[in-house]
Amino acid sequence: MGTLTLMSATDQSRKFFSTALVSVCLLFALDACYSLARPQGKEDRFQLDQSDVLNVLKAYRSEPKAPDIALLGSSLIEVPNIEAAAIAANKPVDRLTHHRCDYLEKELTNQVGYKPTVVSLAVGGEMVSDAYLLSKRLLVGARAPRAIIYGIGPRDFQDNLMPGVDSSDTFKLLSSVDDLPDLLQSRQLSPETKLTLTMENLSGFWSNRTQLASFTNQSLANTVTPFFPDMKRSLSEAPKKTDVRTFIAGMIAPGQAVWHPDDEYMLQNYLSRYNPIAPVQIETQLGYFQRLIDLCKARKIPIMIANMPLGEINRKVMAPGFYEKYLADTQKICREQNVPYIDLNVAPLASKENFLDTVHLNPTGSALMFSMMSNQIDPTVAVALHQADEAIASTKSSKTY
Numbered sequence: 019m020g021t022l023t024l025m026s027a028t029d030q031s032r033k034f035f036s037t038a039l040v041s042v043c044l045l046f047a048l049d050a051c052y053s054l055a056r057p058q059g060k061e062d063r064f065q066l067d068q069s070d071v072l073n074v075l076k077a078y079r080s081e082p083k084a085p086d087i088a089l090l091g092s093s094l095i096e097v098p099n100i101e102a103a104a105i106a107a108n109k110p111v112d113r114l115t116h117h118r119c120d121y122l123e124k125e126l127t128n129q130v131g132y133k134p135t136v137v138s139l140a141v142g143g144e145m146v147s148d149a150y151l152l153s154k155r156l157l158v159g160a161r162a163p164r165a166i167i168y169g170i171g172p173r174d175f176q177d178n179l180m181p182g183v184d185s186s187d188t189f190k191l192l193s194s195v196d197d198l199p200d201l202l203q204s205r206q207l208s209p210e211t212k213l214t215l216t217m218e219n220l221s222g223f224w225s226n227r228t229q230l231a232s233f234t235n236q237s238l239a240n241t242v243t244p245f246f247p248d249m250k251r252s253l254s255e256a257p258k259k260t261d262v263r264t265f266i267a268g269m270i271a272p273g274q275a276v277w278h279p280d281d282e283y284m285l286q287n288y289l290s291r292y293n294p295i296a297p298v299q300i301e302t303q304l305g306y307f308q309r310l311i312d313l314c315k316a317r318k319i320p321i322m323i324a325n326m327p328l329g330e331i332n333r334k335v336m337a338p339g340f341y342e343k344y345l346a347d348t349q350k351i352c353r354e355q356n357v358p359y360i361d362l363n364v365a366p367l368a369s370k371e372n373f374l375d376t377v378h379l380n381p382t383g384s385a386l387m388f389s390m391m392s393n394q395i396d397p398t399v400a401v402a403l404h405q406a407d408e409a410i411a412s413t414k415s416s417k418t419y
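Here you go:
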């Protein structure tokens with residue numbers, strides 16, 4: 019009797035284990051099918067009219083061929099590019115969708131002998147880790163540019179309002195399984211965050227849990243509300259969330275500045291971003307700075323670093339020695355890696371009259387910045403552009419009719 023009971027219990031355990039195994043396999047299969055059924059991946063989580071990075075991806079992919087130069091950076095590049103583009107085009111340009119660097123193209127024409135194509139991948143609030151991901155995902159193979167110019171500032175390496183590399187829209191859009199080794203080694207991320215990021219990159223269901231929950235709730239509401247008119251009225255009258263970025267979309271005319279908050283807001287905002295000093299975040303972002311340079315070397319893409327201009331008031335809210343250490347750290351890495359580094363935070367560009375607020379340049383300053391950048395173009399970048407020009411000329415001369 020005891021033997022029969024034991025055998026029965028064993029059979030039950032085997033059935034339970036088999037059922038559990040089949041269920042897990044089915045779940046993995048459904049997860050895989052769900053991911054395959056969504057070719058846009060993470061991109062459909064964002065609205066095109068409210069996402070800088072989504073517009074950057076769309077603009078770069080829509081270029082008929084790889085540009086000669088890709089311009090990386092935060093709003094320190096993004097704002098000047100829009101303002102200067104309107105001046106170069108002598109007509110309004112769209113703040114959210116215009117990504118050609120018309121003014122820099124015009125200025126570089128005299129330096130390299132032809133008009134190169136320059137596309138901006140600048141995104142407001144971009145950290146160095148974001149610039150690395152954009153380069154890693156977009157600037158590859160036949161879509162790699164001839165050269166990269168990366169405009170940096172101290173906020174790109176420390177921003178207390180962006181506590182982790184996973185905080186940005188760029189990361190949420192572009193991170194993938196092959197980024198996990200870097201994330202798992204990061205001292206900036208907690209074990210819980212590392213586990214969550216691992217799950218998000220391995221599982222489509224987990225990655226889109228918020229969207230799935232929202233879809234389920236909406237479907238349930240659509241099913242139930244016809245039977246409850248008061249509930250339907252209540253839902254329709256609920257206030258809709260408005261993204262602040264919708265207010266900065268629109269056309270920018272020649273000489274017009276990009277919309278910005280008042281100086282007091284910007285001052286308090288950057289006071290929070292810079293203080294207190296976050297050594298682990300700085301260490302993490304310097305690590306991504308090194309990875310970006312290594313990536314460019316591996317892909318044989320010359321890169322030039324430009325220290326961007328900042329208002330004097332902005333520097334005054336930094337902790338003593340913070341700016342100097344940022345300069346020393348970035349210059350040291352570039353020097354060791356033989357990467358050209360130019361400093362644009364100098365007169366006449368750094369003068370107060372060239373600034374829109376405590377951080378960003380006004381249209382006059384924006385045009386001046388690209389003129390100075392063009393005049394200081396590194397020979398390695400210029401050579402890469404000359405090679406592109408020669409290749410174009412060779413192609414044209416070899417055509418038969």
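The numbering of the sequence shown is my numbering, which starts it at 19 and goes up by one. Note that the Cβ used here is the ideal one computed from N, Cα and C, for glycine as well.
When the distance is taken between beta carbons, is ASN372 closer than 8 Å to ASN380?
Cβ distance < 8 Å, so ASN380 and ASN372 count as in contact.
Run the proximity test for ILE95: is its beta-carbon closer than 7 Å to any non-hydrogen atom belonging to the ligand MG?
Summarising the ligand content, the structure contains no ligands, and the ligand MG is consequently not present.
On the three-state DSSP scale, how would you describe ILE295?
If DSSP states are grouped into helix, strand and coil, ILE295 belongs with coil.
With a threshold of 6 Å on Cβ separation, who are the neighbours of SER384 within its own chain once the five nearest residues in sequence on each side are excluded?
Closer than 6 Å at Cβ, skipping near neighbours: PRO98, GLU101 and ALA102.
By Cβ distance, which residues of its chain are closer than 7 Å to LEU285, with the 5 residues on each side in sequence left out?
Spatial neighbours of LEU285 in its own chain (CB-CB distance under 7 Å, excluding positions within 5 residues in sequence) are listed in chain order as ILE331, VAL335 and THR376.
At 4 residues or longer, and completely inside the segment 337–370: list those alpha helix (DSSP H) runs for me, N to C.
As far as the segment 337–370 is concerned, its whole alpha helix (DSSP H) runs of at least 4 residues are 340–354.
In whole angstroms, give me the CA-to-CA distance for PRO338 and LEU367.
Approximately 23 Å, taken between the alpha carbons.
Figure out for me which residue from SER392, PRO397, ALA402 and VAL401 has the closest Cα to the Cα of ASN128.
Looking at SER392, PRO397, ALA402 and VAL401, the one whose alpha-carbon comes closest to that of ASN128 is SER392.
If you compare alpha carbons, which of GLY268, GLU282 and TYR283 is closest to VAL276?
That would be GLY268, whose Cα lies nearest to the Cα of VAL276.
Cβ-Cβ distance between ARG161 and ILE87 below 8 Å
Not in contact: ARG161 and ILE87 (Cβ atoms no closer than 8 Å).
Determine the direct distance from the alpha carbon of ILE351 to that of VAL137, and round the result to whole angstroms.
Straight-line spacing of the CA atoms in VAL137 and ILE351 works out to 26 Å.
Let me check one thing: in DSSP terms, what residues is ASP112 bridge-paired to?
Bridge partners of ASP112: MET269.
Going by other Cβ atoms of all chains shown within 10 Å of its Cβ, with 16 needed for buried, is ASN73 buried or exposed?
So ASN73 counts as buried.
Distance between beta carbons of PHE175 and TYR344, contact taken as under 8 Å:
Between TYR344 and PHE175 the beta-carbon gap is near 6 Å, inside 8 Å, which marks them as a contact.
Alpha carbon to alpha carbon, what distance is there between LEU89 and LYS315?
Roughly 17 Å separates the two Cα atoms.
Can you tell me which of the three DSSP states PHE4 falls into?
Look at the range of the chain in this structure, 19 to 419, and you will see that residue 4 is not part of it.
Taking just the CA atoms, how far does ASN356 sit from MET180?
Looking at the two C-alpha atoms, the distance is approximately 30 Å.
Straight-line gap, VAL146 to GLY131 (C-alpha atoms, nearest Å):
Rounded to whole angstroms, VAL146 to GLY131 spans 32 Å at the Cα level.
Could you pull the start and end residues of the alpha helix (DSSP H) that TYR121 belongs to?
Element bounds for TYR121: 120–130.
Under the DSSP definition of a beta bridge, which residues are partnered with SER138?
In the DSSP assignment, the residues bridged to SER138 are LEU89.
What separation, rounded to the nearest whole angstrom, lies between the Cα atoms of GLY143 and ASN287?
Answer to the nearest angstrom: the Cα atoms are 12 Å apart.
So, using beta-carbon positions, are SER92 and GLY171 closer together than 8 Å?
Contact: yes.
What first and last residue would you give for the alpha helix (DSSP H) that runs through ALA385?
Per DSSP, ALA385 belongs to the alpha helix (DSSP H) from 381–393.
Three-state secondary structure (DSSP) at ILE2?
There is simply no residue 2 to check, as the chain begins at 19 and stops at 419 in what is shown.
Between LEU198 and GLY182, how many whole angstroms is the CB-CB distance? I'm expecting something under 8 Å.
That belief does not hold up - the Cβ atoms of LEU198 and GLY182 are roughly 15 Å apart, past 8 Å.
Per DSSP, PRO166 forms a beta bridge with which residues?
Note that residue 166 is Ile in the sequence shown here, rather than Pro. Secondary-structure assignment with DSSP links ILE166 through a beta bridge to ALA88 and ILE321.
Sort HIS378, ILE167 and ASP347 by Cα distance to THR302 and report the nearest one.
Of the candidates HIS378, ILE167 and ASP347, the one whose C-alpha sits nearest the C-alpha of THR302 is ASP347.
So which of TYR292, GLU81, LEU310 and GLU125 has the shortest CA-CA distance to PHE388?
Of the candidates TYR292, GLU81, LEU310 and GLU125, the one whose C-alpha sits nearest the C-alpha of PHE388 is GLU125.
Of the residues LEU122, VAL195 and ARG113, which one's Cα is nearest the Cα of MET390?
Checked all of LEU122, VAL195 and ARG113; the closest Cα to MET390 is LEU122.
Closest by C-alpha distance to TYR359, when choosing among LYS370, ALA365, ASN325 and PRO279
Nearest C-alpha to TYR359: ASN325.
Near ARG309, which residues of its chain fall below 7 Å by C-beta distance, leaving aside the five closest residues on each side in sequence?
TYR150, listed in sequence order.
In its own chain, which residues sit with a C-beta less than 6 Å from the C-beta of ASP120, not counting the 5 before and 5 after it?
In chain order, ALA103, ALA106 and ALA107 place their CB closer than 6 Å to the CB of ASP120, counting only its own chain and leaving out the 5 sequence neighbours on each side.
PHE307 by DSSP, collapsed to three states: which one?
Here PHE307 sits in helix by DSSP.
Helix, strand or coil at PRO98 [DSSP, three-state]
PRO98 sits in a helix when the DSSP states are folded into three classes.
Going by C-alpha to C-alpha distance, which of ALA271, ASP312, LEU75 and VAL158 sits closest to GLU354?
Checking every option, the nearest Cα to that of GLU354 belongs to ASP312.
Between which two residues does the alpha helix (DSSP H) containing ASP200 stretch?
Its alpha helix (DSSP H) spans residues 198–203.
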